[in-house]
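Inspection log for the structure reproduced underneath, given as C-alpha cells.
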Amino acid sequence: GAGVSQTPSNKVTEKGKYVELRCDPISGHTALYWYRQSLGQGPEFLIYFQGTGAADDSGLPNDRFFAVRPEGSVSTLKIQRTERGDSAVYLCASSPTLNNEQFFGPGTRLTVL
Amino acid sequence: GQQLNQSPQSMFIQEGEDVSMNCTSSSIFNTWLWYKQDPGEGPVLLIALYKAGELTSNGRLTAQFGITRKDSFLNISASIPSDVGIYFCAGGVPNAGGTSYGKLTFGQGTILTVHP
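Chains as they are written, first to last, in this note's numbering: chain A, 1 to 113; chain B, 114 to 229.
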C-alpha cells in the first residue's frame, strides 16, 4: 500500500517568506508526527497529532511554526517569516494508535536563501 | 532534555563482516527503535523493542533493549553492500495520559560504509 507522502520534495524560498509543507499519512493511521533533520543530525521532534488535535507541540522552535490537521488525515506545517536557520529536511511520520512504530515519508528539503 | 548518545559515529567494514553499534541515554525509555536512512530518503524502521531485556531479530539484524532501559544495541551479521547507510536509534516514552506514544528522541546516527 501507499506510504507516507510529502509535498513538495524540495522548496527554495527567500528569507522572510511564508511556506507550507504538506504530509499525507498512511491510510488509517491516526497519529501524525513532524520532525526536522539538519545535516549530519538525527531527526528532531516538532509536533505530534492524535486525530485532529495537537497532542504535543513542545518541539516547535517558536511561534513562527504552526501545524494543522483539520480532518485528521492530511497535515500542513506552516512557517512564517522564514529564516536561513530554518533550512533543513522536514520529515513527516505516521503510526497506528498506541504504538511507537512510526513510518516516515521522504521529507521536504527546505532551503531559505 | 533527553539525549541519546550513539556510537560509533562511523564505521568502515569489509563485506561479510559483522557490525555492532549502540545507543545510551541518561533517561529511561519505554521503547527503543532502530531506523536506517538512505540519502534523500526518510528513515525506514528496522526493529522495534518494547520490553527491557528483549532481544529481537529481523533477518541479519539483531537488536536488544537494555535491562536498565537506558541503552540498546544493533548487530548486523554478514554485512552486504546494500547495508550502507545511516543507522539511527530512537527512544520513545508514552504521553502524559499513558494511552499512546508520542515523540521519538533520535541519536546522532552511525554512518556505515561497506567495502565489497
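Where a beta carbon is used, it is the ideal one built from N, C-alpha and C, also for glycine. Everything numeric in this text was worked out from a predicted model, so none of it was measured.
Item: Closest residue to Ser170 (chain B) among B:Pro156, B:Asn188, B:Lys183 (Cα-Cα distance); Value: B:Asn188
Item: Listed by chain order, chain A residues near Ala191 (chain B) by CB distance under 7 Å; Value: Neighbours of Ala191 (chain B) on chain A: none; closest Cβ ~26 Å, over 7 Å.
Item: C-beta atoms of Gly215 (chain B) and Tyr48 (chain A) nearer than 9 Å; Value: yes
Item: DSSP-derived helix/strand/coil call for Asp184 (chain B); Value: strand
Item: Interface residues of chain A facing Leu187 (chain B) [CB-CB closer than 7 Å]; Value: In chain order: nothing, as chain A lies at least about 14 Å away.
Item: DSSP three-state assignment for Arg22 (chain A), whether helix, strand or coil; Value: strand
Item: Buried/exposed call for Thr97 (chain A), threshold 16 Cβ in 10 Å; Value: exposed
Item: Per-residue DSSP class, three states only, for Asp56 (chain A); Value: strand
Item: Residue from B:Gln119, B:Leu162, B:Glu128, B:Gln122 whose Cα sits closest to the Cα of Ser238 (chain B); Value: With chain B covering 114 to 229 only, the question about residue 238 (chain B) has no answer from this structure.
Item: Same chain, Cβ closer than 8 Å to Ile180 (chain B), five either side skipped, listed in chain order; Value: Ala165, Gly166
Item: Residues of the stretch 93-109 of chain A whose Cβ lies closer than 8 Å to any Cβ of chain B, in chain order; Value: Ala93, Ser95, Thr97, Leu98, Asn99, Asn100, Glu101, Gln102, Phe103, Phe104, Gly105, Pro106, Gly107
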